[in-house]
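Structure first, then comments.
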Amino acid sequence: MKRLLTLTATFAFLSAPALAETCQYSKDRTASYVEAELVKGEWSKMDIVETAAEAGQFDTLLAAATAADLVDALKGEGPLTVFAPTDAAFDALPDGTVESLLMPENKHKLADILKLHVIEGSKVTSDKLAGKTLSASTLNGEVVIDGTDGVTVNGATVVKADIMASNGVIHVIDQVLLPKG
Numbered sequence: 450m451k452r453l454l455t456l457t458a459t460f461a462f463l464s465a466p467a468l469a470e471t472c473q474y475s476k477d478r479t480a481s482y483v484e485a486e487l488v489k490g491e492w493s494k495m496d497i498v499e500t501a502a503e504a505g506q507f508d509t510l511l512a513a514a515t516a517a518d519l520v521d522a523l524k525g526e527g528p529l530t531v532f533a534p535t536d537a538a539f540d541a542l543p544d545g546t547v548e549s550l551l552m553p554e555n556k557h558k559l560a561d562i563l564k565l566h567v568i569e570g571s572k573v574t575s576d577k578l579a580g581k582t583l584s585a586s587t588l589n590g591e592v593v594i595d596g597t598d599g600v601t602v603n604g605a606t607v608v609k610a611d612i613m614a615s616n617g618v619i620h621v622i623d624q625v626l627l628p629k630g
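Residue numbers for the sequence shown, in this note's numbering: 450 to 630.
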């Protein structure tokens, strides 16, 4: 019995720092903490999909990427630049639009919309855009990025820039980009 108590006490003593660190980590992981850490790029070991999921404001985007079979592409090696519309941006679309796009028969249309949000082969960061207007090739056509007064992409405002991921960078936008025509 004495040996069991000694082993238990030793285990508790050795485990205390790890437990304290875990408790502190959980306590500190509020929404603002997550947002601050993502913006600073300190979680850059996560890919685009993991980073977006951790942020908690891209549930619709992630559901759409899943429905369009684009998750693996967004988890790929990169580098990628993703203009990520928030859940609120999807909510601003006309009633029934998101539900319709998520239907299997609209998979290709949904994929075309999402591909307009992705630049492959480059991490386009805000410092490269400051004071410039340029055209960029996405996976589904050209977008105009205007960095002369803040940053916009085809008229959608970048509300948070330079969220770093292991395979690229995310810029949060306030509208869903839609293909012309």
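Using N, Cα and C, we set each Cβ at its ideal position, and we do this for glycine too.
Only a predicted model underlies this, so the values are computations on that prediction, with no experimental measurement involved.
{"Check": "Proximity below 7 Å, CB of T582 to CB of D598", "Outcome": "no"}
{"Check": "With 16 other Cβ atoms within 10 Å as the buried cut-off, status of V593", "Outcome": "exposed"}
{"Check": "Contiguous alpha helix (DSSP H) assignments of at least 4 residues, all confined to the region 562 to 594", "Outcome": "575 to 578"}
{"Check": "Which of helix, strand or coil DSSP assigns to P534", "Outcome": "strand"}
{"Check": "DSSP state of T500 mapped onto helix, strand, coil", "Outcome": "helix"}
{"Check": "Whether K572 touches T530 by CB criterion (7 Å)", "Outcome": "yes"}
{"Check": "Length of the line joining the Cα atoms of V517 and L542", "Outcome": "The residue you asked about is not Val; residue 517 is Ala in the sequence shown. Going from the Cα of A517 to the Cα of L542 covers about 18 Å."}
{"Check": "Residues sharing a beta bridge with T606, DSSP", "Outcome": "T601"}
{"Check": "Classification of M613 by the beta-carbon crowding that lies within 10 angstroms, buried from 16 upward", "Outcome": "buried"}
{"Check": "From N616, D496 and A537, residue whose alpha carbon lies closest to that of E605", "Outcome": "Correcting the residue identity first, residue 605 is Ala in this sequence and not Glu. Comparing Cα positions, the closest option is A537."}
{"Check": "V625, DSSP secondary structure in three states", "Outcome": "coil"}
{"Check": "Of the listed residues I622, A610, K609 and N603, nearest to K629 (C-alpha basis)", "Outcome": "N603"}
{"Check": "P553 to S575 span [Cα, whole Å]", "Outcome": "36 Å"}
{"Check": "Run of the alpha helix (DSSP H) containing A512, from where it starts to where it stops", "Outcome": "D508 to A516"}
{"Check": "7 Å Cβ cutoff met for A513 and L559", "Outcome": "yes"}
{"Check": "Euclidean distance between Cα positions of H566 and L510", "Outcome": "11 Å"}
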